[in-house]
Ligand SMILES: Nc1ncnc2c1ncn2[C@@H]1O[C@H](COP(=O)(O)OP(=O)(O)O)[C@@H](O)[C@H]1O
Ligand SMILES: [Mg+2]
């Protein structure tokens, strides 16, 4: 079976910095793949390239067998790739519910003219996406905040809201950039369970995360980056034992194994 | 800046109550000789409200500034004027043609400017406004040049000729109320939500699949179409047009209407249009000092209430409620 996502000899150079160096890997449909590596390893840069926010300097990204090269971020989203942001990017002045309703943007159709004249179907579609959004807010456990302005949410709930919004578009591939950073232990556990649940529902997940407990427990595959290059790739058990990884990254975090 | 969304049927109720108010107003004005000419002023309030509603959508919901709304106003006025006087076409054809031409021009100006991040639209529309103004002045064969042209025919509505001020008042306010309804519908639905999202975070908006350029261009086209509609109505009401009403100062005046009324509120645009249309009438007794007083009043509003009259109103209402309890 062909992989859902294929990264081929990908490079990203910023002036002076090679953020991603000749990177190749594949992601199988329905799996959770984690990407780890020290700060500055190029994890966010990789997410930005897959989601169309950055243009690769070289190399190819194939989604479902088709190249994503040249597509803008919103076009990549149309193909079924959703993401969250390491530093939260919410629609701060809008309510939690509206944020998730915006996540439904690609799953709804009504345009300017039909909305302007309230043509038949507009109100029904609004009600539909409202219902869907409310149930997603419930799924991630922030239903009590539905009518609060997103900017006023505590950080943990903001992170969960980003996930709910990304899920609202019913993506085939979900890119999560450090979803547990800033969460307390209980919240982290909740987030881990939710991400695992996504895998079981058939959503393919790429997870960038520093919390080794989560990474080790929920990933099918782990990819280790260092200075933009892949230094290891494999199931959690083998990554844990990889001497290169221990030296470069895990270091004194061996206690997690 | 964004108001909590009222329930949909509440919006219609508000518009209906506003329509009733507008409908009886000329009869109230008619009670006194001193106020009877206010019906005339209110025709201009409606015309200004229509053009301000378009800019309010663009500024308050897409976060983009246009300094060229007067050009669309002029395009509507000249399209109506030229097609009805030179070709003898129906005013309705003139109105439609003006709106179509404005839509095309807005698309042509907006697409390259709105592709770029930042406030390039302000510059592009400033240039566009100047070019259109030059065309009105220099293409004398078509536009009559600086002296303009007259004898623009009145609008016929179901066989009735709308030539009295009162008749035109009801016609133009019908348009203004429909524009209000359309604008509020846009704000309270998927495309309006997408625009507000862009205003908050372009990154996140692109992430959920919103085509930012397209959304901005679309709403700029709407603002151009509303501007042209207002211009056509102006031409058929005044029956004479020349370039000055369509200059950069009018563009700035429309911008002030939106800001004074309250950025991010369509109702605010109507309030701002009313204030900036009545204020010069009320200040006329000051003769040479009217511009000074006008400036001071506007400055005071912006300084004491950055969210405009709508923000001021809701704060006052809040105070009153607090007193009651
Ligand atoms: N927009 C950018 N412009 C210039 N350099 C960047 C940019 N984004 C990231 N970098 C650089 O690329 C490298 C990788 O950064 P990043 O992908 O954010 O790492 P990580 O997410 O793994 O911590 C860093 O050296 C960073 O400074
Ligand atoms: Mg990062």
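Chains as they are written, first to last, in our numbering: chain L, 14 to 270; chain F, 1002 to 1326. Just so it is clear, CB atoms sit at the ideal spot from N, CA and C, and this is done for glycine as well.
{"Check": "Interfacial residues, the stretch 78-92 of chain L to chain F, with Cβ spacing under 9 Å", "Outcome": "85, 86, 87, 88, 89, 90, 91"}
{"Check": "According to DSSP, residues forming a beta bridge with residue 1157(F)", "Outcome": "1162(F)"}
{"Check": "Under 7 Å (Cβ pairs) to chain F, residues found in the stretch 160-173 of chain L", "Outcome": "none"}
{"Check": "From 1170(F), 1214(F), 1273(F), residue whose alpha carbon lies closest to that of residue 1041(F)", "Outcome": "1170(F)"}
{"Check": "Assigned exposure category for residue 944(F) - 16 Cβ within 10 Å defines buried", "Outcome": "Look at the range of chain F in this structure, 1002 to 1326, and you will see that residue 944(F) is not part of it."}
{"Check": "N-terminal and C-terminal residue of the alpha helix (DSSP H) that residue 191(L) is part of", "Outcome": "Careful: residue 191(L) lies outside any alpha helix (DSSP H) and carries neither H nor E."}
{"Check": "Contact belief for residue 163(L) with residue 112(L) at Cβ below 8 Å, rounded distance in angstroms", "Outcome": "5 Å"}
{"Check": "Cα-Cα separation between residue 1193(F) and residue 1211(F), rounded to whole angstroms", "Outcome": "12 Å"}
{"Check": "Test: residue 140(L) CB closer than 8 Å to a CB of chain F", "Outcome": "no"}
{"Check": "beta-carbon residue 278(L) near ligand 1 non-hydrogen atom, thresh 7 Å", "Outcome": "Examination of residue 278(L) is not possible in this model, given that chain L is present from 14 through 270 alone."}
{"Check": "Option nearest residue 37(L) by Cα separation, candidates 28(L), 260(L), 71(L), 129(L)", "Outcome": "71(L)"}
{"Check": "Buried versus exposed call for residue 213(L) [16 or more other C-beta atoms within 10 Å across all chains shown]", "Outcome": "exposed"}
{"Check": "contact_flag[the stretch 1228-1248 of chain F, the stretch 132-143 of chain L] where n(CB pairs < 8 Å) is 3 or more", "Outcome": "no"}
{"Check": "Which of helix, strand or coil DSSP assigns to residue 1209(F)", "Outcome": "coil"}
{"Check": "Opposing strand residues paired with residue 39(L) [DSSP bridges]", "Outcome": "19(L)"}
{"Check": "Opening and closing residue of the alpha helix (DSSP H) in which residue 1138(F) lies", "Outcome": "1121-1139"}
{"Check": "Closest by C-alpha distance to residue 199(L), when choosing among 227(L), 103(L), 110(L), 237(L)", "Outcome": "227(L)"}
{"Check": "Residue burial classification, residue 18(L) (beta-carbon count within 10 angstroms, cutoff 16)", "Outcome": "buried"}
{"Check": "Closer than 7 Å: residue 224(L) CB and nearest ligand 4 heavy atom", "Outcome": "This structure lacks ligand 4; the ligands present are ligand 1 and ligand 2."}
{"Check": "8 Å Cβ cutoff, residue 1037(F) in contact with chain L", "Outcome": "no"}
{"Check": "6 Å Cβ shell around residue 233(L) - same chain, five flanking residues per side excluded", "Outcome": "44, 45"}
{"Check": "Residue 52(L) CB to nearest heavy atom of ligand 1 below 7 Å", "Outcome": "yes"}
{"Check": "According to DSSP, residues forming a beta bridge with residue 1045(F)", "Outcome": "Note: residue 1045(F) sits in no beta bridge, so no partner."}
{"Check": "Cβ contact check for the stretch 1066-1078 of chain F and the stretch 1216-1234 of chain F: 3 or more pairs under 8 Å", "Outcome": "yes"}
{"Check": "Test: residue 1209(F) CB closer than 8 Å to a CB of chain A", "Outcome": "Within the model displayed, chain A is absent; protein chains L and F are what it includes."}
{"Check": "Closer than 8 Å to chain F by CB, residue 114(L)", "Outcome": "yes"}
{"Check": "Cut-off 7 Å between Cβ atoms - residues of its own chain near residue 1085(F), not counting five sequence neighbours on either side", "Outcome": "1092, 1095, 1153, 1154"}
{"Check": "Residue closest to residue 1246(F), alpha-carbon to alpha-carbon, out of 1013(F), 1058(F), 1133(F), 1282(F)", "Outcome": "1133(F)"}
{"Check": "Residue interval of the beta strand (DSSP E) (run including residue 1255(F))", "Outcome": "Counting along the chain, residue 1255(F) falls outside any beta strand (DSSP E), though it belongs to the alpha helix (DSSP H) covering 1249-1262."}
{"Check": "Burial state of residue 1057(F) (16 or more Cβ within 10 Å)", "Outcome": "buried"}
{"Check": "Local Cβ density within 10 Å of residue 1320(F), reported as buried at 16 or more and exposed below that", "Outcome": "exposed"}
{"Check": "Host beta strand (DSSP E) of residue 47(L) (start-end)", "Outcome": "45-49"}
{"Check": "Top-ranked residue by Cα proximity to residue 1315(F), from 1028(F), 1263(F), 1290(F)", "Outcome": "1263(F)"}
{"Check": "Three-state secondary structure assigned by DSSP to residue 1240(F)", "Outcome": "coil"}
{"Check": "Delimiting residues of the alpha helix (DSSP H) encompassing residue 1073(F)", "Outcome": "1070-1087"}
{"Check": "Any 3 or more C-beta pairs closer than 8 Å across the stretch 1013-1032 of chain F and the stretch 1252-1260 of chain F", "Outcome": "no"}
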